[in-house]
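In my numbering, the protein residues as written are 2 to 241. All C-beta atoms, glycine included, are put in the ideal place defined by N, C-alpha and C. Report on the following structure.
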Amino acid sequence: MKISFGKYSQYQIYLPYLVTALIVLFTFSLFTAQIKKIISLWQSNKIQEEEIGKLKQRISQIESFSDDQIDKQISDALSALPRVKDPTLAFSATKALAFESGLLAEEIAFSPGKIAKEIEETASHLAKVEEMLITLQVQGSQENIIKIVRQINQSQPLMELKSIDLESFPDIAAKLSINIYFSPVAVGEVSAKADVLPTLEEENTYKKIADFRKLGSGVVIGESEFTPGDPTRDPFIYSQ
Numbered sequence: 002m003k004i005s006f007g008k009y010s011q012y013q014i015y016l017p018y019l020v021t022a023l024i025v026l027f028t029f030s031l032f033t034a035q036i037k038k039i040i041s042l043w044q045s046n047k048i049q050e051e052e053i054g055k056l057k058q059r060i061s062q063i064e065s066f067s068d069d070q071i072d073k074q075i076s077d078a079l080s081a082l083p084r085v086k087d088p089t090l091a092f093s094a095t096k097a098l099a100f101e102s103g104l105l106a107e108e109i110a111f112s113p114g115k116i117a118k119e120i121e122e123t124a125s126h127l128a129k130v131e132e133m134l135i136t137l138q139v140q141g142s143q144e145n146i147i148k149i150v151r152q153i154n155q156s157q158p159l160m161e162l163k164s165i166d167l168e169s170f171p172d173i174a175a176k177l178s179i180n181i182y183f184s185p186v187a188v189g190e191v192s193a194k195a196d197v198l199p200t201l202e203e204e205n206t207y208k209k210i211a212d213f214r215k216l217g218s219g220v221v222i223g224e225s226e227f228t229p230g231d232p233t234r235d236p237f238i239y240s241q
């Protein structure tokens, strides 16, 4: 079968224009894609620069802390830890964390670790910190997942996010491994005798009391005679 293109010869004059238009459109599409990529990279770099600026500011704040301030913050954090390793507290705390973040808690499992009464040496002043591992499986939106991750570092009792596994469905399913910290009181520390030193104000008060006692129990040297201000007034009659 022979096909004749003679009838299309009249359109050959438009062929260069068509090719030019196709080249322009192809170049424009590539250029647009490159522009979008450049804009995306620029926005990503801007976000990273902001994060770096925040980290630098935080590092400068940490470097400005003295050793005494750091020790005080550590002491305050340890004193705020629960004294009893209570699984009920861990369960209710993680459940409330999921509820406040707007997530559906599907499963909560915990590993209490070692629960035992131990006698510590009274000479040791190091605070002992124990932990309980909680596995929390939740489901919800991406915003709520981000919210619960942020709230873990701000919740009570003290928690730490160890790992997170995400699965994408119509909603995001997340499996979080969380450590809850406790600071149980050792038996030896409770029974130990603590040295309580008086403050400067208390020492001054004790000194004044001792001075008053000396005045009341001292030996009177010499003789003295009481002379009233008004010899004619009877001291046993009260008059206004």
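- DSSP places L56 in the helix class (H, G or I) of the three-state scheme.
- In this structure, the alpha-carbon of V20 lies about 18 Å from that of F32.
- For I147, the enclosing alpha helix (DSSP H) stretches over residues 143 to 153.
- Annotation: F100 is outside any beta strand (DSSP E); the continuous alpha helix (DSSP H) that includes it extends over 88 to 101.
- Around D166, the same chain offers K176 as residues with beta carbons nearer than 6 Å, after the five sequence neighbours per side are excluded.
- Taking a 10 Å sphere around the C-beta of P83, we find 16 or more other C-beta atoms and assign the residue as buried.
- With distances taken between CA atoms, P171 lies nearest to Q140 out of T95, F111, T206, Q140.
- Between I135 and I109 a beta carbon distance of about 7 Å is seen, short of the 8 Å cut, so the two are scored as contacting.
- With at least 16 other beta carbons inside 10 angstroms of its own, A91 counts as buried.
- For L159, no beta strand (DSSP E) run applies, since DSSP gives it neither H nor E.
- With a 10 Å radius around the Cβ and a threshold of 16 neighbouring Cβ atoms, L26 comes out exposed.
- If you draw a straight line from the Cα of F100 to the Cα of K163, it is about 20 Å long.
- If you check the CB distance, I149 and L104 come in under 7 Å.
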